[in-house]
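So the structure is just underneath, and the comments pick up after that.
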Amino acid sequence: MNRMSCLVALALAACGPTVKSVTVEPQRAVLDAKNATATFKATAKDDAGRPITDAKVMPTWTSSAPLVASVDAAGKVTALKSGEAVITAAFGEVKGSAKASVSIPASATVSPSSVELAGVGKTAALAVKVADDSGKEYAAPRVTWASSDPRVATVSDKGVVTAVGAGAVTISAAVGQARGESRAVVRLPQFAKLQVKPARVALARAGATGKLAASALDRRGKPVQGVPVSWRSANERIVRVEADGTVTAVKKGKARVSAIAGGKSASAEVTVKR
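If you use our numbering, the sequence shown corresponds to residues 1 to 274, in order.
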């Protein structure tokens with residue numbers, strides 16, 4: 001090889017590999033809070049489509065809308081306000097790009113603003129509308145639902161409210177710093193009386209168990225659904241009762257066990273034989 005050929009070869013080697021194309025991943029990043037970040041990765045490729053791994057070959061990053069989303073020298077994008085930005089990685093004249101979508105929630109509105117549930121187990125569906133800091137409504141990817149008192153009503157991650165007990169609660173939907181609310185009122189259905197069956201239970205010895213069932217009835221004696229019942233033993237030294245009406249013998253004797261709901265009650269007599 002002559003001197004001139006050597007110089008040309010050395011010059012080409014000093015320039016490094018030639019970049020023919022650039023890919024940026026991910027192709028789209030969604031940022032849903034101010035100062036939220038995402039990191040893009042740029043891959044330079046040669047004319048055969050092979051990645052160039054030379055550490056000296058580094059991209060220059062730019063954002064088409066730096067007031068919406070800024071980008072640093074490492075490809076890290078930071079959300080600043082709602083909007084769209086094209087993030088570009090350039091290796092000299094060869095470029096690749098991806099999109100950054102920024103939606104910063106500014107307000108959340110829950111509808112309907114109030115619901116009334118007549119009876120335990122009844123449900124109602126709530127919906128939330130979210131607007132970003134530009135006033136544009138959008139579908140929020142994450143909504144956090146909560147009930148101020150799960151003993152009255154619970155709420156699912158889909159906004160479905162379920163009645164648990166009588167009372168009123170606030171159901172909230174939070175999207176980032178934005179929050180909306182709805183009021184849920186749970187009322188007991190009207191009923192005429194309670195009935196406990198069986199009316200008498202005999203337990204053979206201490207530790208034995210039995211089961212009582214309570215029903216709410218209307219004036220015609222027909223069952224009324226959705227009435228929560230609480231249980232109470234008149235003498236827990238003889239008989240204990242659980243929330244589901246299960247009675248447990250403690251020692252020999254008799255005790256009345258009552259079901260209570262809506263200011264009404266009914267009872268059964270439990271006898272422990274020995």
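Where is the CB? At the ideal position from N, CA and C, for every residue including glycine.
With contacts defined by Cβ atoms closer than 8 Å, R187 and A118 form a contacting pair. Straight across, the Cα-Cα distance linking P112 with A204 is about 55 Å. Rounded to the nearest whole angstrom, the CA to CA distance from A173 to V227 is 28 Å. Listed as beta-bridge partners of E242 by DSSP are no residues whatsoever. Secondary structure of F91 (DSSP, three-state): strand. Two segments are said to touch when three or more pairs of C-beta atoms, one from each, lie closer than 8 Å; by this definition the segment 91-103 touches the segment 18-32.
Within the same chain, Cβ atoms closer than 8 Å to the Cβ of D218 are found at Q190, F191, A192, V224, the five residues on either side in sequence being excluded. Within the same chain, and ignoring the five residues on either side of V247 in sequence, the residues whose Cβ sits closer than 8 Å to its Cβ are V201, L203, T209, G210, K211, L212, S233, V239, R240, V241, V257, V270. With fewer than 16 neighbouring CB atoms inside 10 Å of its own CB, T53 falls in the exposed class.
A48 and A100 have their C-alpha atoms spaced approximately 29 Å apart. Y138 and S107 have their C-alpha atoms some 11 Å from each other. With fewer than 16 other CB atoms across the displayed protein chains lying within 10 angstroms of its CB, L67 is exposed. S82 sits in coil when the DSSP states are folded into three classes, being neither helix nor strand.
Taking C-alpha positions only, K158 is separated from V250 by approximately 45 Å.
Secondary structure of K136 (DSSP, three-state): coil. Assigned with DSSP and collapsed to three states, L203 falls in strand. Here DSSP, grouped into helix, strand and coil, assigns P51 to strand. Under the DSSP definition of a beta bridge, L194 partners with A216. In the three-state reduction of the DSSP assignment, A36 falls in the coil class.
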